[in-house]
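**Student:**
Protein chains: 2
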Amino acid sequence: MANAKLSPLETLAASVKNSAKTLNIAPSAKRNEAISRIAKNLLARQAEILAANAKDIAAAKENGIAAAMIDRLSLTEDRIKAISAACKQVISLPDPLGKADFGTTLPNGLEMVRVKVPLGVIGIIYEARPNVTVDAAVLCLKSGNACLLKGGKEALHSNMILRDIMQQSLEEAGLPTHCIALVEDTARETTTQMMRLNGYLDVLIPRGGAGLIRAVVANATVPVIETGVGNCHIYVDETADLAMAVNIIDNAKTSRPSVCNAVETILIHEAIAPQLLPLLKEQLDKHQVTWRGCPKTEEILGMAIQPATEEDYTTEYNDYIICCKIVQDMTEALAHIDRYSTRHSEAIITNDYERSQEFTRKVDAAAVYVNASTRFTDGGEFGFGAEIGISTQKLHARGPMGLDQLTSWKYILRGNGQIRK
Amino acid sequence: MANAKLSPLETLAASVKNSAKTLNIAPSAKRNEAISRIAKNLLARQAEILAANAKDIAAAKENGIAAAMIDRLSLTEDRIKAISAACKQVISLPDPLGKADFGTTLPNGLEMVRVKVPLGVIGIIYEARPNVTVDAAVLCLKSGNACLLKGGKEALHSNMILRDIMQQSLEEAGLPTHCIALVEDTARETTTQMMRLNGYLDVLIPRGGAGLIRAVVANATVPVIETGVGNCHIYVDETADLAMAVNIIDNAKTSRPSVCNAVETILIHEAIAPQLLPLLKEQLDKHQVTWRGCPKTEEILGMAIQPATEEDYTTEYNDYIICCKIVQDMTEALAHIDRYSTRHSEAIITNDYERSQEFTRKVDAAAVYVNASTRFTDGGEFGFGAEIGISTQKLHARGPMGLDQLTSWKYILRGNGQIRK
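Protein sequences, first through last, are from chains A and B. Just so we're aligned: the first sequence equals residues 3 to 423 in the working numbering. Just so we're aligned: the second sequence equals residues 3 to 423 in the working numbering.
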């Protein structure tokens with residue numbers, strides 16, 4: 003690894019790895035100082051950021067990129083202020099490093115302590131959202147991790163100036179500039195190479211849509227944390243409070259349909275469907291939500307709807323579309339969830355105690371809700387202060403990944419000559 | 003995934019996944035009952051085990067397999083008794099499931115609790131060591147995980163009878179038999195297929211030599227936990243106690259050279275090398291340890307030794323061979339460790355307080371020792387009761403993986419109608 007012809011990507015990764023050695027053991031004050039400088043420099047160099055971003059937006063418009071994507075790509079004075087404010091909030095979070103979460107003296111007198119340490123170097127592959135560039139880098143910095151960032155090509159100019167500002171800030175704080183680095187080469191092969199940077203990256207976190215996640219899982223040889231694909235369900239039991247059900251489903255569907263914790267398919271107990279569906283339709287109509295569903299749903303709604311297909315049951319719409327299935331009982335609902343859930347967030351609305359317990363025990367997902375909206379699955383809402391993504395795998399971290407989930411541990415054992423018999 | 007033509011491996015994996023649904027939420031008593039039956043049935047059906055194992059050994063001998071491997075492959079009455087006793091010991095360990103390790107009431111009144119749950123289905127690929135078949139399956143069972151086992155082809159007959167006995171035991175305990183399954187097809191393509199059973203396996207743990215681990219890392223699309231490659235170092239500082247250094251190095255090298263926590267390269271401060279090396283040679287000569295080393299080592303030992311090459315520095319000998327490098331100072335030792343360590347176990351022998359602190363802070367490894375043998379990195383020695391392997395990666399688990407490291411968590415949130423603003 004250390005010798006011979008490194009590719010440009012490997013050269014960059016080696017530089018990040020080398021910088022990590024300093025950052026991984028840098029004291030909390032130094033890491034916070036760097037973040038503080040970032041917050042300040044983002045505002046000071048706002049004009050440069052806006053100019054670079056304007057180039058990206060112009061190119062995106064020229065290329066006929068969709069309006070929603072251009073919105074995510076756009077930076078404004080207010081957005082830069084918000085990014086800067088978010089940095090300051092991260093400074094105020096407790097340091098996730100150095101804590102001893104386990105320790106004992108072994109029978110032979112060896113003193114063992116398990117201490118939280120950074121993961122090392124984190125690779126992050128994401129889409130054309132320049133705010134992620136700063137959010138992700140700052141969370142890595144706070145948790146003592148160097149990072150290698152690879153953002154969507156549409157945001158390259160924005161990402162480069164943000165990278166420059168962050169590297170300037172690192173230097174001002176006395177940390178190696180390559181604690182934060184950006185892969186500028188946006189070719190697909192380079193992205194694939196990045197997924198195979200074993201020996202340089204300790205973990206790779208893809209943040210984006212299902213396609214990106216799939217590509218990373220299929221190609222990566224570096225350990226990956228899958229994030230963010232949310233095909234979420236709400237099961238409305240026959241004992242549910244009707245107004246609560248309408249309110250929760252409306253919130254879970256329409257408060258922000260584009261996010262992973264929004265609901266996609268609702269499963270309604272057949273005994274309550276005739277009362278619930280008309281009320282729900284009335285509420286969702288206010289947001290022009292389109293229905294898809296089973297024949298019974300159509301019958302109760304009394305209007306023609308697109309029949310729900312296998313594809314509907316597996317799709318994260320990210321849109322004002324809801325899929326509805328009338329079920330005979332909770333067993334049928336549980337079977338549907340087990341089959342189609344991406345194990346992100348699942349909810350039951352019920353007043354039956356036993357069923358609420360059975361649902362939370364049997365549903366295999368990062369977050370299981372009783373009588374609440376699935377929209378709460380979020381690092382901020384959970385009180386973690388910030389998140390780098392929502393893990394849908396069971397290894398290492400499940401659910402919102404806050405600073406604690408960006409750490410590993412090491413065992414330190416102090417003795418006075420102990421040998422193993 | 004649920005439809006169409008499944009391969010035989012997928013069919014087996016689907017059956018394991020289905021069985022996992024029951025096992026994942028089975029109470030502790032039921033899981034322990036199954037393990038208890040396994041312990042009993044192993045003894046009751048000992049004759050069948052020995053007969054199957056004899057077939058494997060006969061075939062191995064016919065194929066000219068090395069004696070050390072035949073030893074690992076061999077089961078005897080005593081070894082079966084030991085495996086059975088190890089099962090009983092696992093029963094006595096605390097249940098890793100159901101514990102709430104984090105919980106709070108959110109400002110909106112949502113009650114959140116994070117509960118330990120099984121990973122789900124664990125795939126384990128290992129070499130021709132039939133004891134691992136039972137050890138690994140029982141740890142999975144105890145932690146509520148179903149498992150799909152794939153052992154070395156040389157142990158197939160032994161593994162099949164052990165699988166039968168464990169499945170009988172599951173049935174007696176009222177659990178689905180396919181909570182434990184064995185991949186009988188030992189073709190390399192099947193092993194590769196197993197590494198890509200996304201949707202069936204939640205994690206894949208390879209247990210074996212460096213070649214196996216590399217193949218799994220390169221080919222797996224399922225999340226992997228790398229285990230067991232240990233290129234471990236001991237640095238002897240100039241202030242070290244000579245007798246302690248000899249004693250620790252002798253223990254770390256010769257008490258069991260074939261294991262991953264044995265030492266491979268020793269780094270000796272040049273100020274202490276002239277005193278230490280003769281004493282160390284005298285001790286290691288008792289075990290016919292072969293030396294390799296730098297020119298200074300040769301000079302001090304006053305005998306011709308094979309010069310240490312780059313390959314020596316990267317090799318886990320697993321043998322009575324030691325590599326020695328004389329260093330100018332701890333900085334040189336730290337640089338060597340940083341370059342060649344597999345981040346398993348590293349030790350310093352010193353009486354200098356500041357250096358001991360610097361070493362534990364700067365060395366990036368699962369276990370870092372001061373004045374003790376590296377041989378302690380082991381689930382049993384660490385007090386975990388048992389281990390399924392020693393992770394050398396930083397994600398999810400680092401160091402010995404006991405029952406706690408075979409769990410994930412889920413967040414359960416109970417509300418009364420909360421929606422997100």
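The beta-carbon is built from N, C-alpha and C at its ideal position, and this holds for glycine as well. Keep in mind it's a predicted model, so treat the numbers as computed, not measured.
Which residues does DSSP pair with B/Y128 in a beta bridge?
**Tutor:** Counting from 1 along the second sequence, the entry for residue 128 of chain B is found at position 126. Its beta-bridge partners are B/R209.
**Student:** Between which two residues does the beta strand (DSSP E) harbouring A/C149 extend?
**Tutor:** In the first sequence, counting from the first residue as 1, residue 149 of chain A sits at position 147. That run of the beta strand (DSSP E) goes 148 to 152.
**Student:** Start and end of the alpha helix (DSSP H) containing B/Y202?
**Tutor:** What you label residue 202 of chain B is simply residue 200 of the second sequence in a count that begins at 1. Careful: B/Y202 lies outside any alpha helix (DSSP H) and carries neither H nor E.
**Student:** Mapping DSSP to helix, strand and coil, what is A/F386?
**Tutor:** Numbered from 1 along the first sequence, position 384 holds the residue referred to as residue 386 of chain A. A/F386: coil per DSSP, three-state reduction.
**Student:** Using only CA atoms, which one of B/D103, B/F378, B/I82 lies nearest to B/T410?
**Tutor:** As a first step, residue 410 of chain B is located in the second sequence; it is residue number 408 there, counting from the start. Correcting the residue type first, residue 410 of chain B is Ser in the shown sequence and not Thr. Among B/D103, B/F378, B/I82, the Cα nearest to that of B/S410 belongs to B/D103.
**Student:** Taking just the CA atoms, how far does B/P98 sit from B/E228?
**Tutor:** Numbered from its first residue, the second sequence carries residue 228 of chain B at position 226. Numbered from its first residue, the second sequence carries residue 98 of chain B at position 96. The straight-line gap from Cα to Cα measures roughly 22 Å.
**Student:** Kindly give me the distance between the Cβ atoms of B/T317 and B/E266, rounded to whole angstroms, as I take these residues to be in contact under 8 Å.
**Tutor:** Taking the first residue of the second sequence as 1, we reach residue 317 of chain B at position 315. Taking the first residue of the second sequence as 1, we reach residue 266 of chain B at position 264. Confirmed, about 7 Å.
**Student:** Considering only C-alpha positions, which residue in the set A/P120, A/I167, A/A130 is nearest to A/S145?
**Tutor:** As a working mapping, residue 145 of chain A is identified with position 143 in the first sequence. The residue with the shortest Cα to Cα distance from A/S145 is A/P120.
**Student:** Run through chain B and tell me which residues come within less than 9 Å of A/I163, C-beta to C-beta.
**Tutor:** What you label residue 163 of chain A is simply residue 161 of the first sequence in a count that begins at 1. The premise fails here: A/I163 is roughly 32 Å from chain B at the closest Cβ pair, so nothing lies under 9 Å.
**Student:** If you measure between the beta carbons of A/L25 and A/A148, is that distance less than 7 Å?
**Tutor:** Sequence index remark: in the first sequence, residue 25 of chain A carries index 23 (1-based). Sequence index remark: in the first sequence, residue 148 of chain A carries index 146 (1-based). It is a contact, given that the beta carbons lie within the stated cut-off.
**Student:** Could you please tell me which residues of the stretch 386 to 405 of chain A, in chain order, have their CB closer than 7 Å to any CB of chain B?
**Tutor:** Answer in chain order: Q395, K396, L397, H398, R400, G401.
**Student:** Using a Cβ-Cβ cut-off of less than 8 Å, list which residues of the stretch 261 to 279 of chain B approach chain A; keep chain order.
**Tutor:** So nothing in the stretch comes that close.
**Student:** Among the candidates B/D380, B/A56, B/H338, whose CA atom is the shortest distance from the CA of B/D366?
**Tutor:** As a first step, residue 366 of chain B is located in the second sequence; it is residue number 364 there, counting from the start. Minimum Cα distance to B/D366 is reached at B/H338.
**Student:** Can you find at least 3 beta carbon pairs, one from the stretch 250 to 259 of chain B and one from the stretch 273 to 293 of chain B, that sit closer than 8 Å?
**Tutor:** Yes, they touch.
**Student:** I need the straight-line Cα distance from B/A217 to B/L8, nearest angstrom please.
**Tutor:** Here the question's residue 217 of chain B lines up with position 215 in the second sequence. Here the question's residue 8 of chain B lines up with position 6 in the second sequence. Distance between the alpha carbons of B/A217 and B/L8 is about 24 Å.
**Student:** Using DSSP bridges, identify the partner residues of B/S358.
**Tutor:** Position 356 of the second sequence holds residue 358 of chain B. According to DSSP, which records beta bridges pairwise, B/S358 is partnered with nothing at all.
**Student:** For a contact meaning CB atoms closer than 8 Å, what does B/R74 contact in chain A?
**Tutor:** In the second sequence, the residue the question calls residue 74 of chain B occupies position 72. Those within 8 Å of B/R74 in chain A number zero; the least Cβ separation is about 20 Å.
**Student:** Does any residue of chain B have a CB that is nearer than 7 Å to the CB of A/G211?
**Tutor:** Along the first sequence, one-based indexing puts residue 211 of chain A at 209. With 7 Å as the cut-off, A/G211 does not count as an interface residue toward chain B.
**Student:** Using a Cβ cut-off of 9 Å, pull out every chain A residue sitting near B/T311, in sequence order please.
**Tutor:** As a first step, residue 311 of chain B must be located in the second sequence, where it is residue number 309. The premise fails here: B/T311 is roughly 14 Å from chain A at the closest Cβ pair, so nothing lies under 9 Å.
**Student:** Below 7 Å between beta carbons: does that hold for B/T344 and B/V224?
**Tutor:** Reading the second sequence from its first residue, position 342 is the one you call residue 344 of chain B. Reading the second sequence from its first residue, position 222 is the one you call residue 224 of chain B. Result no, Cβ atoms of B/T344 and B/V224 do not sit closer than 7 Å.
**Student:** Apart from the five residues on each side of it in sequence, which residues of its chain come closer than 8 Å, Cβ to Cβ, to B/F384?
**Tutor:** Looking up residue 384 of chain B in the second sequence gives position 382. Here the set comprises F378, G401, P402, G404.
**Student:** Could you say which of A/Y202, A/A335, A/H289 lies nearest to A/D239 if we only look at CA atoms?
**Tutor:** The count along the first sequence starts at 1 and reaches residue 239 of chain A at position 237. Of the listed residues, the one whose Cα sits closest to A/D239 is A/A335.
**Student:** Would you please verify whether the beta carbon of A/R33 is less than 7 Å from any beta carbon of chain B?
**Tutor:** Residue numbering aside, residue 33 of chain A sits at position 31 when the first sequence is read from its first letter. Answer no: the Cβ-Cβ gap between A/R33 and chain B never drops below 7 Å.
**Student:** Going along the chain, which unbroken runs of the beta strand (DSSP E) with 3 or more residues stay wholly within the stretch 264 to 294 of chain B?
**Tutor:** 265 to 271, all fully within the stretch 264 to 294 of chain B.
**Student:** In angstroms, rounded to a whole number, what distance separates the CA positions of A/R33 and A/A15?
**Tutor:** What you label residue 33 of chain A is simply residue 31 of the first sequence in a count that begins at 1. What you label residue 15 of chain A is simply residue 13 of the first sequence in a count that begins at 1. C-alpha separation (whole angstroms): 20 Å.
**Student:** If you follow the beta strand (DSSP E) that B/R258 is part of, which residue opens it and which one closes it?
**Tutor:** Residue numbering aside, residue 258 of chain B sits at position 256 when the second sequence is read from its first letter. No beta strand (DSSP E) holds B/R258; DSSP gives it neither H nor E.
**Student:** By the three-class DSSP mapping on this structure, what secondary structure does B/H346 have?
**Tutor:** If you number the second sequence from 1, residue 346 of chain B lands on position 344. Coil at B/H346, not helix or strand.
**Student:** Could you please give the first and the last residue of the uninterrupted alpha helix (DSSP H) stretch that includes B/A61?
**Tutor:** Position 59 of the second sequence, counted from the start, is the residue given in the question as residue 61 of chain B. B/A61 -> alpha helix (DSSP H) spans 48 to 64.
**Student:** Give the single residue among A/I421, A/K19, A/Y371 whose Cα lies nearest to the Cα of A/T179.
**Tutor:** For the purposes of this step, residue 179 of chain A is identified with residue 177 of the first sequence, where counting begins at 1. Checking every option, the nearest Cα to that of A/T179 belongs to A/K19.
**Student:** Any idea what DSSP makes of A/S393, helix, strand or coil?
**Tutor:** Stepping through the first sequence from its first residue, residue 393 of chain A is reached at position 391. A/S393: strand per DSSP, three-state reduction.
**Student:** Could you tell me whether the stretch 181 to 188 of chain A touches the stretch 57 to 72 of chain A, using the rule of 3 or more Cβ pairs below 8 Å?
**Tutor:** At 8 Å Cβ cutoff, the stretches do not touch.
**Student:** Establish whether the CB of B/G295 and some CB of chain A are separated by less than 7 Å.
**Tutor:** Counting from 1 along the second sequence, the entry for residue 295 of chain B is found at position 293. Answer no: the Cβ-Cβ gap between B/G295 and chain A never drops below 7 Å.
**Student:** Give the secondary structure of A/A189 by DSSP, where H, G and I count as helix, E and B as strand, and everything else as coil.
**Tutor:** As a position in the first sequence, residue 189 of chain A is number 187, starting the count at 1. Looking at A/A189 - three-state DSSP - the assignment turns out to be coil, as it is neither helix nor strand.
**Student:** Please report the straight-line C-alpha distance between A/T192 and A/I126, rounded to a whole angstrom.
**Tutor:** One-based indexing of the first sequence puts residue 192 of chain A at position 190. One-based indexing of the first sequence puts residue 126 of chain A at position 124. Spanning the two alpha carbons is a distance of roughly 13 Å.
**Student:** The beta strand (DSSP E) that contains B/V115, what's its start and end?
**Tutor:** Sequence index remark: in the second sequence, residue 115 of chain B carries index 113 (1-based). Counting along the chain, the beta strand (DSSP E) containing B/V115 begins and ends at 113 to 120.
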